[in-house]
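**Q** Plus 1 on top of the position in the sequence shown (first one is 1) and you've got the numbering used here.
Attaching a single structure in structure tokens format; questions to follow.
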Amino acid sequence: MDFKTKTVNAEFWFTQARQMLAAAEELFCTMSLRNSEVETSVGCHKGSMFLLGIALENAFKGVVASQGKLIIVEGRIDTRKSFPGCKNHKLPDLARLIGLETNETEKELLQRLSIYTVWAGKYGTPLSESEYADAQGHQHQSSQDFDIAKNLIFKLRANTGFDERSGWPELQS
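Below, the structure is given as structure tokens:
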């Protein structure tokens with residue numbers, strides 16, 4: 002299968018979303034069950050939140066793909082054209098782009114996860130002092146985060162042409 006065929010099909014984005022969700026949940030469970038050192042525990046927390054955020058980012062991009070709005074130019078996704086008005090890895094921007102209605106709990110989770118997808122899951126500090134200040138008090142995680150994320154992914158998948166009985170639409174190229 003070629004790059005474009007795989008890239009423009011929602012099924013592949015949602016497969017990646019499921020895989021990242023499973024990895025995030027496993028990391029969270031391992032961290033929660035183990036009496037580990039602080040460094041290990043903090044690293045697992047950051048990794049779990051990063052993977053959970055990436056799972057949702059893949060699901061959002063799956064919706065964009067299903068709408069035929071992923072633009073490929075010279076063998077590369079054109080992120081400016083495909084995700085207009087979205088800052089890199091900002092989940093609330095992606096939710097707005099596709100018109101997803103979210104409740105306050107979902108909005109709060111998307112905002113918290115964006116801290117990790119943008120910087121906290123990868124780096125010790127963000128690029129700006131304002132991002133650092135905005136993150137204070139919002140870097141936490143609970144088991145309910147996974148239920149909220151799963152429900153969001155389910156809602157997003159429902160916007161793609163996926164059918165519970167027949168599965169995904171035929172691959173488009």
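We treat Cβ as the ideally placed atom computed from N, Cα and C, and that holds for glycine.
If you're wondering where the values come from, they're calculated on a predicted model, not measured in any experiment.
Which term fits ASP146, buried or exposed, when burial requires 16 or more other beta carbons within 10 angstroms of its beta carbon?
**A** By the neighbour-count rule (16 or more Cβ atoms within 10 Å), ASP146 is buried.
**Q** Considering only DSSP beta bridges, list what ASP164 is partnered with.
**A** Answer by DSSP bridge pairing, in chain order: GLY168.
**Q** What does the Cβ neighbour count give for ALA23, buried or exposed, with the cut at 16 atoms within 10 Å?
**A** Its Cβ having fewer than 16 others within 10 Å, ALA23 is exposed.
**Q** Quick one: is GLN137 buried, meaning 16 or more other Cβ sit within 10 Å of its Cβ, or exposed?
**A** Exposed.
**Q** Considering only the beta carbon of each residue, do TYR117 and GLY54 sit closer than 7 Å?
**A** For TYR117 and GLY54, yes; Cβs fall inside 7 Å.
**Q** Kindly indicate which three-state DSSP category ILE99 falls into: helix, strand or coil?
**A** Helix, per DSSP.
**Q** Label ASP18 either buried or exposed according to how many other C-beta atoms from any shown protein chain fall within 10 Å of its C-beta, with 16 as the threshold for buried.
**A** Looking at the sequence itself, residue 18 is Ala, so the reference to Asp does not match. By the neighbour-count rule (16 or more Cβ atoms within 10 Å), ALA18 is buried.
**Q** Which residue from GLU105, GLY86, LEU111 puts its Cα closest to that of LEU98?
**A** Measuring from the Cα of LEU98, the nearest candidate turns out to be GLY86.
**Q** Tell me whether VAL64 sits in a helix, a strand or coil according to DSSP, three-state version.
**A** Helix at VAL64.
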